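Q:
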Amino acid sequence: MACVLEAPLRMSVLSEVTASSRHYVDRLFDLDPQKVLQGVIDMKNAVIGNNKQKANLIVLGAVPRLLYLLQQETSSTELRTECAVVLGSLAMGTENNVKSLLDCHIIPALLQGLLSTDLKFIEACLRCLRTIFISPVTPEDLLYTDATVISHLMALLSRSRYTQEYICQIFSHCCKGPDHQTILFNHGAVQNIAHLLVSTSYKVRMQALKCFSVLAFENPQVSMTLVNVSVDGELLPQIFVKMLQRDKPIEMQLTSAKCLTSMCRAGAIRTDDPCIVLKTLPCLVRMCSKDRLLEERVEGAETLAYLIETDVELQRMASITDHLIVMLADYFKYPSSVSAITDIKRLDHDLKHAHELRQAAFKLYASLGANDEDIRKKIIETENMMDRIVNGLSESSIKVRLAAVRCLHSLSRSVQQLRTSFQDHAVWKPLMKVLQNAPNEILVVASSTLCNLLLEFSPSKEPILESGAIELLCSLTQSENLALRVNGIWALMNMAFQAEQKIKSDILRGLSTEQLFQLLSDSDVNVLMKTLGLLRNLLSTRPHIDYIMSTHGKQIMQAVTLILEGEHNIEVKEQTLCILANIADGTTAKELIMTNDDILQKIKYYMSHSNAKLQLAAMFCISNLIWNEEEGSQERQDKLRDMGIVDILHKLSQSSDPNLCDK
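So in the UniProt record's numbering, the last one in the sequence shown is 663, and the numbering has no gaps at all.
Written as structure tokens, this is what we have:
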């Protein structure tokens, strides 16, 4: 019998819940404006901190009615203000609540409300807009659909400290990327927000600071402007430095460090400026310490990684500040089972976000080890470092995998480590696995790392070859993504260097003639240079030159002609002439040049070229063709003499360039 009762019982509970909420909605339709106002106030008190009640009211259709009352000219200002407050409270619930509000077109209604003259109503609309815009489900572009909105918000900044706080918060959350930065910058964001950095309200100062940190990020135009702006006779960088001091709240220290970091990376502040070396860098290192909260440690490490990424002096300085390299090792052990966190909620949060710490540590290690051999050695000698990287390569989080590959790439620039640690940990295995199936951003860094592992002195070269790398790299050369094409061909070039004939043949077979021509006519000069480098490495050592030219000679000569006739820079033509010089060094291969009058005329032309590099490369071709000890040298010399090569050589022997003269 109990089973039969269960369904009706559940229904009655649900209808009771909605019934208890329904009277709130019904009162919004009362004909007496005073009762409607009281109804909205009661609703406001009922929903505060009660997500269930919020969801019920949304289901019962409270939102369209509240929006209607908010927009009615006949509604009293008090009623309209209370409606905005309730809508703001509903938005503070779950993401689904925000979606429901967006579906009812709440943003245009609230933006319209900002045209009112009543400050309390404006503040309530802004507070609600702020809550909606900081939700991850709200598209930022909704702020920019009407060009007049931004100018109006700029004008409202002067109204009160609340309008300042909410508008800055809206801007900092909705400024994603260069387009948004430009719109805000062109509407005078810098001038309008700068003076808020010295506001008496901490919240206003903080939101203004956050605004500048997103406006300046990777934006030279904003950064160069900020350097010269002063407030009350003090330049902004000096104000930011004051906000970095240890007695300021952590959030403020971190955000001002981010502003100074962006300005430094944009070239607005020099990397050796005391405000970077003595203030920003030490502040960010402090943020990485054990006693900071998880999110502070993540943000500190990621900002520091960005600050020092391209400057070797800052990398050296960071590496010896507060034992940073050892301190970062703790990022991998947190939170441990013996964590001192007594707050269960905090522990649960940190367990869910521990991967962000690992990602941040990998990023910072990658920046630290970008240039200096001693720093790389210290990083690799940090406990279990290589194991941690190998584990990172197979983590479920794509961001951790990318950061681990970046770290590996940075360390793979070390000849010493390629020969030792990389070999001891067979790093190539997980790397090849990553390359099998990964999004482009990971593929680009992973294939760059592979290029380093394929250098001739790397012990990993052999096993990588055996695991099917040629096929993988040939497929990368066909990618739409430029960086992947460059890396694919670069890795093949490294692979072909001093390789045995079988590997060279496998590369040519894997690439196919058609793909080779495709690469040689690529619009990117990098791809072209690496492809020529590959050809040059394939055509080295006589037996290999003769063998490859016997199987692919016709196509290779065609490719060489194509490039020497094309509109290419000096480096490209020089590399092409060096390929010809290698072919001329073959025993049978040189006949492909001697029987091709067109190519011979081109060599002759480049001997008299105005550029000495090209003249030298062309002379290498000639000297390899006329070598006395080789069979048929007399006939070749006669043919070249008839072409007038000797006259050119006489002229060149008088050259003011000592290299040309000697040759």
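Think of the CB as a built atom: it goes at the ideal place given N, C-alpha and C, for glycine as much as any other residue. It should be emphasised that the depicted structure is a prediction, and the values quoted were computed from it without experimental measurement.
Quick one: what does DSSP say Ser20 is sitting in, helix, strand or coil?
A: Working through the sequence shown from its first residue, we reach residue 20 at position 20. Three-state result, Ser20: helix.
Q: Could you round the C-beta distance between Leu328 and Ala305 to whole angstroms and report it? I think they count as a contact, below 8 Å.
A: Looking up residue 328 in the sequence shown gives position 328. Looking up residue 305 in the sequence shown gives position 305. That belief does not hold up - the Cβ atoms of Leu328 and Ala305 are roughly 10 Å apart, past 8 Å.
Q: Straight-line CA distance for Ala7 to Arg401?
A: If you number the sequence shown from 1, residue 7 lands on position 7. If you number the sequence shown from 1, residue 401 lands on position 401. With a pLDDT of 40 at Ala7, under the threshold of 50, the predicted position of this residue should be treated as unreliable, and no value is reported.
Q: Whose CA, out of Ser75, Asp42, Lys290, lies closest to the CA of Leu31?
A: Mapped onto the sequence shown, residue 31 falls at position 31. Residue Ser75 is the option with its Cα nearest to Leu31.
Q: Under a Cβ-count criterion, where at least 16 other Cβ atoms within 10 Å of its own Cβ denotes burial, should Leu625 be classed as buried or exposed?
A: Residue 625 sits at position 625 when you count from the first residue of the sequence shown. Label assigned to Leu625: buried.
Q: Helix, strand or coil: which one does DSSP assign to Leu156?
A: Taking the sequence shown and counting its residues from 1, the one referred to as residue 156 is at position 156. If DSSP states are grouped into helix, strand and coil, Leu156 belongs with the helices.
Q: Whole-angstrom Cβ separation of Leu534 and Met493, contact assumed at under 8 Å?
A: Residue mapping note: residue 534 aligns to position 534 of the sequence shown, counting from 1. Residue mapping note: residue 493 aligns to position 493 of the sequence shown, counting from 1. About 4 Å separates the two Cβ atoms, so the contact holds.
Q: Based on the DSSP output, what are the partners of Val231 in its beta bridges?
A: Within the sequence shown, numbered from 1, the residue matching residue 231 stands at position 231. Answer is Glu234, bridged to Val231.
Q: Alpha carbons only, please: which of Arg358, Asp374, His355 is nearest the one belonging to Met317?
A: Along the sequence shown, one-based indexing puts residue 317 at 317. Comparing Cα-Cα distances from Met317 to each of Arg358, Asp374, His355, the minimum goes to Asp374.
Q: Compute the beta-carbon to beta-carbon distance between Glu144 and Ile183, rounded to the nearest angstrom, for a pair I have assumed lies under 8 Å.
A: As a position in the sequence shown, residue 144 is number 144, starting the count at 1. As a position in the sequence shown, residue 183 is number 183, starting the count at 1. Contrary to the premise, residue 144 reads as Tyr rather than Glu in this sequence. Right, their Cβ atoms sit about 6 Å apart.
Q: Inspect the beta-carbon positions of Val486 and Asn440 and report whether they are closer than 8 Å.
A: Working through the sequence shown from its first residue, we reach residue 486 at position 486. Working through the sequence shown from its first residue, we reach residue 440 at position 440. No. Outside cutoff.
Q: Tell me where the alpha helix (DSSP H) around His187 begins and ends.
A: Residue mapping note: residue 187 aligns to position 187 of the sequence shown, counting from 1. Per DSSP, His187 belongs to no alpha helix (DSSP H) and is neither H nor E.
Q: Can you tell me whether Trp627 is buried or exposed, with buried defined as 16 or more other CB within 10 angstroms of its CB?
A: Here the question's residue 627 lines up with position 627 in the sequence shown. Classification for Trp627: exposed.
Q: Helix, strand or coil for Thr200 per DSSP?
A: Numbered from its first residue, the sequence shown carries residue 200 at position 200. Here Thr200 sits in coil by DSSP.
Q: What are the complete alpha helix (DSSP H) segments, minimum 4 residues, inside the UniProt repeat "ARM" (61-97)?
A: Entirely contained in the UniProt repeat "ARM" (61-97), the alpha helix (DSSP H) runs reaching 4 residues are, in chain order, 62-71, 77-91.
Q: What does a CB cutoff of less than 8 Å around Thr81 pick up in its chain, not counting 5 residues either side in sequence?
A: The sequence position of residue 81 within the sequence shown is 81, counting from 1. For Thr81, where only same-chain residues beyond five positions count, the Cβ hits under 8 Å are Asp118, Lys120, Phe121, Ala124.
Q: Between which two residues does the alpha helix (DSSP H) harbouring Phe362 extend?
A: Stepping through the sequence shown from its first residue, residue 362 is reached at position 362. Its alpha helix (DSSP H) spans residues 344-368.
Q: Does the distance from the CB of Val326 to the CB of Asp372 come in under 8 Å?
A: In the sequence shown, the residue the question calls residue 326 occupies position 326. In the sequence shown, the residue the question calls residue 372 occupies position 372. Cβ atoms of Val326 and Asp372: not closer than 8 Å.
Q: If you measure between the beta carbons of Ser460 and Phe422, is that distance less than 8 Å?
A: Here residue 460 is taken as the residue at index 460 of the sequence shown, counted from 1. Here residue 422 is taken as the residue at index 422 of the sequence shown, counted from 1. In this structure, Phe422 lies closer than 8 Å to Ser460 by Cβ.
Q: For Cys451, which option in Leu473, Arg205, Met252 has the closest C-alpha, if you only look at C-alpha atoms?
A: For the purposes of this step, residue 451 is taken as the residue at position 451 of the sequence shown. Ranking the options by Cα distance to Cys451, first place goes to Leu473.
Q: Roughly how many whole angstroms lie between the Cα atoms of Leu614 and Leu482?
A: One-based indexing of the sequence shown puts residue 614 at position 614. One-based indexing of the sequence shown puts residue 482 at position 482. The straight-line gap from Cα to Cα measures roughly 28 Å.
Q: Which residue from Leu101, His152, Val390, Val222 puts its Cα closest to that of Leu114?
A: In the sequence shown, counting from the first residue as 1, residue 114 sits at position 114. Checking every option, the nearest Cα to that of Leu114 belongs to His152.
Q: Is the segment 244-255 touching the segment 217-227, taking contact as three or more C-beta pairs under 8 Å?
A: Touching, no.
Q: Which residues bound the alpha helix (DSSP H) around Thr117?
A: The residue you call residue 117 lines up with position 117 of the sequence shown. Here Thr117 belongs to no alpha helix (DSSP H), and DSSP marks it neither H nor E.
Q: Pick helix, strand or coil for Ala438, following the three-state DSSP scheme.
A: Locating residue 438 in the sequence shown gives position 438, where the first residue counts as 1. Reduced to three states, the DSSP call for Ala438 is coil.
Q: Using a Cβ-Cβ cutoff of less than 6 Å, which residues in the same chain neighbour Asp657 once the five nearest sequence positions on both sides are dropped?
A: To locate residue 657, count along the sequence shown from 1; it is residue 657. Excluding sequence neighbours, Asp657 sits near Ala612.
Q: Leaving out five residues on either side along the sequence, give the residues of the same chain with a beta carbon under 7 Å from the beta carbon of Ser256.
A: In the sequence shown, residue 256 corresponds to position 256, counting from 1. Cβ neighbours of Ser256 beyond the five flanking positions: Leu209, Phe240, Met243, Leu244.
Q: Do Thr280 and Leu236 have their CB atoms nearer than 8 Å?
A: For the purposes of this step, residue 280 is identified with residue 280 of the sequence shown, where counting begins at 1. For the purposes of this step, residue 236 is identified with residue 236 of the sequence shown, where counting begins at 1. No, these two residues do not count as a Cβ contact at 8 Å.
Q: Under the assumption that Ala589 contacts Asp638 (Cβ atoms under 8 Å), give the Cβ distance between them as a whole number of angstroms.
A: Position 589 of the sequence shown, counted from the start, is the residue given in the question as residue 589. Position 638 of the sequence shown, counted from the start, is the residue given in the question as residue 638. Contact flag wrong, Cβ pair sits at about 20 Å.
Q: Look at Thr477 and Gln515 and say whether their C-beta atoms are less than 8 Å apart.
A: By one-based count along the sequence shown, residue 477 stands at place 477. By one-based count along the sequence shown, residue 515 stands at place 515. Contact: yes.
Q: Rank Gln634, Leu79, Lys54, Gln38 by C-alpha distance to the C-alpha of Val98 and give the top, closest one.
A: Numbered from its first residue, the sequence shown carries residue 98 at position 98. Out of Gln634, Leu79, Lys54, Gln38, Lys54 has the C-alpha closest to the C-alpha of Val98.
Q: How far does the alpha helix (DSSP H) with Asp597 in it extend, from its first residue to its last?
A: Your numbering for residue 597 matches position 597 in the sequence shown. Taken as a continuous stretch (DSSP letters only), the alpha helix (DSSP H) holding Asp597 covers 597-607.
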